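First to last, the protein sequences are chains W and G.
Heads up: the first sequence begins at 2 in the numbering used here, then just goes up one per residue.
Heads up: the second sequence begins at 2 in the numbering used here, then just goes up one per residue.
Built from N, CA and C at the ideal position, the CB exists for glycine as well.
Since the structure is predicted, the reported quantities are computational estimates derived from the model, not experimental observations.
Below is one structure, written out as structure tokens; the observations come after it.
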Amino acid sequence: MALGKIEKVIGQAVPIPGDDIDTDRIIPARFLKCVTFDALGEQLFYDVRFDEDGKSLNFPIDQPQYKGANIIVSGNNFGCGSSREHAPQSIKKAGFDAVIAGSYAEIFFGNCTTLGIVCAEASDEVRASLMKAIAENPSEKMEIDVASSKVLFNGNSYDVSIKPNSKSAFLAGNYDSLADLLARMSKVKELEAGLKYSFKS
Amino acid sequence: MGKNLFNKVWEKHTVDVLPGGQTQLFIGMHLIHEVTSPQAFAMLKDLGVKVAFPERTFATVDHIIPTDDTSRPFADPLAEEMMQAIEKNTAENGITFFNPESKKQGVVHIVGPEQGLTQPGSTIACGDSHTATHGAFGAIAFGIGTSQVRDVLATQTMSIAPFKVRRIEVNGKLKPGVYAKDVILYIISKLGVNGGIGHAYEFAGDVIDTMSMEGRMTVCNMAIEGGARVGYINPDETTFAYIKGKPYAPKENWDEMVEYWKSIASDADADYDDIVKFDAADIEPQVTWGINPEQTIGISEKITNPKNDVMQEALDYTSFSGGDLMKGKKVDVVFIGSCTNGRIEDFREAAKYAKGRKVAEGVRALAVPGSFGVRDKAVAEGLDKIFIEAGFEWREPGCSMCLAMNPDKLVGREISASTSNRNFKGRQGSSTGRTLLVSPVMAVAAAVTGQISDCREVFNIGGK
Ligand code: SF4
Numbered sequence: 002m003a004l005g006k007i008e009k010v011i012g013q014a015v016p017i018p019g020d021d022i023d024t025d026r027i028i029p030a031r032f033l034k035c036v037t038f039d040a041l042g043e044q045l046f047y048d049v050r051f052d053e054d055g056k057s058l059n060f061p062i063d064q065p066q067y068k069g070a071n072i073i074v075s076g077n078n079f080g081c082g083s084s085r086e087h088a089p090q091s092i093k094k095a096g097f098d099a100v101i102a103g104s105y106a107e108i109f110f111g112n113c114t115t116l117g118i119v120c121a122e123a124s125d126e127v128r129a130s131l132m133k134a135i136a137e138n139p140s141e142k143m144e145i146d147v148a149s150s151k152v153l154f155n156g157n158s159y160d161v162s163i164k165p166n167s168k169s170a171f172l173a174g175n176y177d178s179l180a181d182l183l184a185r186m187s188k189v190k191e192l193e194a195g196l197k198y199s200f201k202s
Numbered sequence: 002m003g004k005n006l007f008n009k010v011w012e013k014h015t016v017d018v019l020p021g022g023q024t025q026l027f028i029g030m031h032l033i034h035e036v037t038s039p040q041a042f043a044m045l046k047d048l049g050v051k052v053a054f055p056e057r058t059f060a061t062v063d064h065i066i067p068t069d070d071t072s073r074p075f076a077d078p079l080a081e082e083m084m085q086a087i088e089k090n091t092a093e094n095g096i097t098f099f100n101p102e103s104k105k106q107g108v109v110h111i112v113g114p115e116q117g118l119t120q121p122g123s124t125i126a127c128g129d130s131h132t133a134t135h136g137a138f139g140a141i142a143f144g145i146g147t148s149q150v151r152d153v154l155a156t157q158t159m160s161i162a163p164f165k166v167r168r169i170e171v172n173g174k175l176k177p178g179v180y181a182k183d184v185i186l187y188i189i190s191k192l193g194v195n196g197g198i199g200h201a202y203e204f205a206g207d208v209i210d211t212m213s214m215e216g217r218m219t220v221c222n223m224a225i226e227g228g229a230r231v232g233y234i235n236p237d238e239t240t241f242a243y244i245k246g247k248p249y250a251p252k253e254n255w256d257e258m259v260e261y262w263k264s265i266a267s268d269a270d271a272d273y274d275d276i277v278k279f280d281a282a283d284i285e286p287q288v289t290w291g292i293n294p295e296q297t298i299g300i301s302e303k304i305t306n307p308k309n310d311v312m313q314e315a316l317d318y319t320s321f322s323g324g325d326l327m328k329g330k331k332v333d334v335v336f337i338g339s340c341t342n343g344r345i346e347d348f349r350e351a352a353k354y355a356k357g358r359k360v361a362e363g364v365r366a367l368a369v370p371g372s373f374g375v376r377d378k379a380v381a382e383g384l385d386k387i388f389i390e391a392g393f394e395w396r397e398p399g400c401s402m403c404l405a406m407n408p409d410k411l412v413g414r415e416i417s418a419s420t421s422n423r424n425f426k427g428r429q430g431s432s433t434g435r436t437l438l439v440s441p442v443m444a445v446a447a448a449v450t451g452q453i454s455d456c457r458e459v460f461n462i463g464g465k
């Protein structure tokens, strides 16, 4: 299994204004009873996207001009709440590759990094002007350059920051430890052979 | 300076140090259940990776299984779907599944020890936060996330950083009517719910040395509630006697394994990051009053006036007040079960006091064995009849009312005296319901009096 390096994220962006968007908002708890994370994409932000009768509330990701967006631009303390992996999974399954927010809850950030979701931090001013520019040019493509931590949009360049550990993991393509673990399977087998276990029925 | 068990086991299981600085740790025994494994199998399929050591993974079903009508298909279609997924995933990958038909099914942390799979010196992982339970046998056991379940399935290893080790000694002798559950609730109330972050807890001292395996499992089970992902107890003759003769226990190589198990126990002069000591004489029956397990007091104590926002939030939620005794608080529901207190010893001890008594009017009382093994023993000893005669519902094995993923739930503002391990907001299925954590004997006392009571007074234990 080869993990791709993540040097750039390119695509349409969607503004989701608001601070403290918690994991329950991202994926309501009742959707935890599931056998794959597959449906989580459709359930992303479910309770703020639909009313009790399932009617669309015209949440940004459902507005026609933002269909197909793969970058979320949001507020401060994004992803706070529970440690459940279902939240970043639902973002990923819904087709998002990156989030630009003021800040992130720690566990959520770690989970996102493992999944290869780029979480960039941007100041209130940068996010405000990005949100405005996106609203005016919704079909315009945005580019997040991981190495230089710059966002290019509509001819302008914006400074964001990406935590050093996750940045180097994205650039090296080892943000998901599975590749590193699999690369050492011969060592694993050697160690296993020498361990003392005895469970046979 | 000698080594502690944690360091010995960690070293033996270290495959490599990964580029990011984490340890690649070999997981000797992997347990899975229906909630956190299906997504991991789906990820493997996407990646085209096979299960590396299927003989080192064992599966059961516990969270979603109904404890009344277990006929298939389950009434809840989502529960049925999860059941089918684990049946399919285990069959396709050659993994042993302790399903209800095998009569070995039960809560994952009860099944492992009961089958003799949980052994000293092992590393054990499970996609469930109460995995430290297995540490009672001198194993290093911890809960993992779904991506790590995938990693363990794919490689039998995972990326993890080592823990610090804190030795917690409880010395002296417990007073009559005080149980393992009271010991761990007391420890958490003193060290806090975050006290163990980054640590493995080694439980030791006279009280632990003389405790049964069931009691030791109760103690280790709740290590995570004190913030410690790992809790363990050094293996001794009590441990070996429990394992001997269990289905998966070593047979012809028994002596050799015991020799090995002895060698991995902490050395007498082992090094620890710190040591904390408690006196058994200070511990009385405990009961929680808030929304985390640290919010615990002795039965004769009063809730202190709120000192911080967390305490205030808890009292706002439970509608109790600073200065209140918990003794005398009315209960609506009593739940005896879960991976904390759903073992045979718990039901034996509870039955001793339920015998010949009646559940108070208006109280709904559930006795839910943690596994088929526990249920069968209890039935053979006639314990089920004692509970039923006293007015308890006697159920089929599962997690039941420990959490809200199956039909057993609190309703509205109900208050439950529960032998489980978490009293979080909404934990037992009602977003406004309240959970008071207690020992099984305290639960029986609450059931028969309809309120939180001192089990020593109700049952005249220890001449009180
Ligand atoms: S009994 Fe409760 S704590 Fe234990 S595994 Fe089941 S749900 Fe989790």
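Query: Closest residue to G/Ile416 among G/Leu175, G/Ser320, G/Val442 (Cα-Cα distance); Result: G/Ser320
Query: Closer than 7 Å: G/Cys221 CB and nearest ligand 1 heavy atom; Result: no
Query: Alpha carbon of G/Val259 to alpha carbon of W/Ser202, nearest angstrom; Result: 18 Å
Query: Test: G/Gln106 CB closer than 8 Å to a CB of chain W; Result: no
Query: Any residue whose CB is nearer than 5 Å to a heavy atom belonging to ligand 1, listed in chain order; Result: G/Val108, G/His131, G/Ser339, G/Cys340, G/Cys400, G/Cys403, G/Leu404
Query: Distance, G/Asn195 Cα to G/Val52 Cα; Result: 35 Å
Query: G/Gly199 versus G/Lys174, G/Asn293, G/Gly228, G/Leu367, residue with shortest Cα-Cα distance; Result: G/Gly228
Query: Extent of the continuous beta strand (DSSP E) run through W/Pro16; Result: 14-16
Query: Neighbour list for G/Ile65 in chain W, Cβ cutoff strictly below 8 Å; Result: Lys34
Query: Any C-beta of chain W under 8 Å from that of G/Met406; Result: yes
Query: Spatial neighbours of W/Ser169 in its chain, beta-carbon cut-off 7 Å, leaving aside the 5 residues before and after; Result: none
Query: Same chain only: Cβ atoms within 8 Å of G/Gly413, ignoring 5 sequence neighbours per side; Result: Ser431, Thr433, Gly434
Query: Contact residues within the stretch 251-264 of chain G, judged by C-beta distance below 7 Å to chain W; Result: Pro251, Asn254, Met258, Tyr261
Query: Given 8 Å, three or more beta-carbon pairs between the stretch 110-126 of chain W and the stretch 44-59 of chain W; Result: no
Query: Any 3 or more C-beta pairs closer than 8 Å across the stretch 83-91 of chain G and the stretch 20-37 of chain G; Result: yes
Query: Reference W/Thr160, options W/Pro29, W/Ala123, W/Ala88, closest by Cα; Result: Sequence inspection shows Asp at residue 160 of chain W; the Thr mentioned does not correspond to that position. It is W/Ala123 whose Cα lies nearest to the Cα of W/Asp160.
Query: Minimum Cβ-Cβ distance from G/Gln429 to chain W less than 8 Å; Result: no
Query: Cut-off 6 Å between Cβ atoms - residues of its own chain near W/Glu86, not counting five sequence neighbours on either side; Result: Asn112
Query: Per DSSP, the bridge partner or partners of W/Asn157; Result: W/Phe154
Query: Chain-order list of residues whose beta-carbon lies under 6 Å from that of W/Asn77 (same chain, five-residue window excluded); Result: Asp20, Gly103, Ser104
Query: Neighbouring residues, chain W, relative to G/Asp129 (Cβ below 8 Å); Result: Residues of chain W passing the Cβ test: none, with the nearest at roughly 13 Å.
Query: Nearest neighbour of G/Gly22, chosen from W/Leu192, W/Leu182, W/Leu196 [CA to CA]; Result: W/Leu182
Query: Neighbour list for G/Leu532 in chain W, Cβ cutoff strictly below 7 Å; Result: The structure shown does not extend to residue 532 of chain G, since chain G spans only 2 to 465, so no value can be given for it.
Query: Rounded distance between the beta-carbons of W/Leu192 and G/Val16, thought under 8 Å; Result: 5 Å
Query: Min CB distance W/Tyr198 to chain G below 8 Å; Result: yes
Query: Helix, strand or coil at W/Met2 according to DSSP, with G and I counted as helix; Result: For W/Met2, the predicted model reports a pLDDT of 41, less than 50, meaning its position is unreliable; a value from the coordinates is still stated below. DSSP places W/Met2 in coil when its eight states are reduced to three.
Query: Residues within the stretch 113-124 of chain W neighbouring chain G, beta-carbon criterion of under 8 Å; Result: Thr115, Leu116
Query: Within chain G, partners of W/Thr24 - CB distance below 7 Å; Result: Those do not exist, as W/Thr24 stays about 13 Å from chain G at its closest Cβ, beyond 7 Å.
Query: Residues that G/Ile225 bridges to, as DSSP identifies them; Result: For G/Ile225, which the question treats as bridged, DSSP gives no partner whatsoever.
Query: G/Asn407 versus G/Glu56, G/Gly3, G/Asp63, residue with shortest Cα-Cα distance; Result: G/Asp63
Query: Minimum length 3: unbroken beta strand (DSSP E) runs contained in the stretch 314-358 of chain G; Result: 334-337
Query: 8 Å Cβ shell around W/Ala3 - same chain, five flanking residues per side excluded; Result: With a pLDDT of 47 at W/Ala3, under the threshold of 50, the predicted position of this residue should be treated as unreliable, though the coordinate-derived value follows. Cβ neighbours of W/Ala3 beyond the five flanking positions: Gly174, Ala180.
Query: Spatial neighbours of G/Tyr180 in its chain, beta-carbon cut-off 6 Å, leaving aside the 5 residues before and after; Result: Ser440
Query: Contact list for W/Lys94 against chain G, beta-carbon separation under 9 Å; Result: Going along chain G, no residue has its Cβ under 9 Å from W/Lys94, so there is no contact; the nearest lies around 11 Å.
Query: Segments assigned beta strand (DSSP E), at least 3 residues, entirely inside the stretch 51-87 of chain G; Result: 58-61
Query: Residues near G/Asp333 in its chain [Cβ-Cβ closer than 6 Å; skip 5 each side]; Result: Glu415, Ile416
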